[in-house]
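Only one structure is covered here, and it is reproduced in the block below.
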Amino acid sequence: MSKRQSIKTNNKGITLIELVVVILMVGIISTMLVVFISSSRSNYTTLSTEVTLQQEAGYALSYIGDVAVEAEEFCEVKNLSVNGNSVQAFYIKAPDSATQINYEKDYYYILVREQDNTLRFFRLSSENVDSSDFTELGELDMQKIIAANDVLGNSRRLLANYVEDISVTQDKKLLKLDIKLQLLGKEYTAKKSVYGRNLR
1 MSKRQSIKTN NKGITLIELV VVILMVGIIS TMLVVFISSS RSNYTTLSTE VTLQQEAGYA
61 LSYIGDVAVE AEEFCEVKNL SVNGNSVQAF YIKAPDSATQ INYEKDYYYI LVREQDNTLR
121 FFRLSSENVD SSDFTELGEL DMQKIIAAND VLGNSRRLLA NYVEDISVTQ DKKLLKLDIK
181 LQLLGKEYTA KKSVYGRNLR
């Protein structure tokens, strides 16, 4: 008789307390998994954004630096507006980097369009410039040249995206380039110094 009673006692079902404990444990484990996954995703997004900004800034500064190292002139163009859009611009008078022929100077424009925060470049051959001094080209002429060559809408002329600001300061033959980029609330600032041996 006692044996049957012990069998009945051992065959009882799950109690309400045990069920609640299991549900709580599953809930805690699920919450920990969600927190871990969301944290990993956030870290990946942050890291990916930083890498993107570093690559964009690095490529832009590398291109400008390669041109500026042989530059004869480097100057900022004030109050340039193309098709109603404000454009920050710098021009560089330098030899063609492909040929490195010192007596054939080309004119490079570095343009920051505020409308979409892109940094673009444009090269104008010396054959197409009548004036011996590039600064004599009027603002209106540059507006026409940039618009006619579709500089601001041509992805092949793109140096960098997400550009908030770029500044260049010249101290005799030393050019200091500063560029600031922003993406998804993250800011990245990069600097580069270039010695222009031919700068005046």
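One point on numbering: in the working numbering, the residue at position 40 of the sequence shown is 40, and numbering is uninterrupted. Even glycine gets a Cβ: it sits at the ideal position worked out from N, Cα and C.
Residue i and residue j closer than 8 angstroms at C-beta
i    : j    : result
L119 : A94  : no
A68  : I92  : yes
K192 : L177 : yes
I146 : V82  : yes
Buried/exposed call for residue i, threshold 16 Cβ in 10 Å
i    : result
K105 : buried
R157 : buried
G196 : buried
E70  : buried
L19  : exposed
DSSP three-state assignment for residue i, whether helix, strand or coil
i    : result
L53  : helix
N198 : coil
L152 : coil
I179 : strand
I64  : helix
I14  : coil
Residue interval of the beta strand (DSSP E) (run including residue i)
i    : result
R123 : T118 to L124
K192 : K186 to Y195
N85  : N85 to P95
A71  : Careful: A71 lies outside any beta strand (DSSP E) and carries neither H nor E.
E164 : V163 to D171
R113 : K105 to R113
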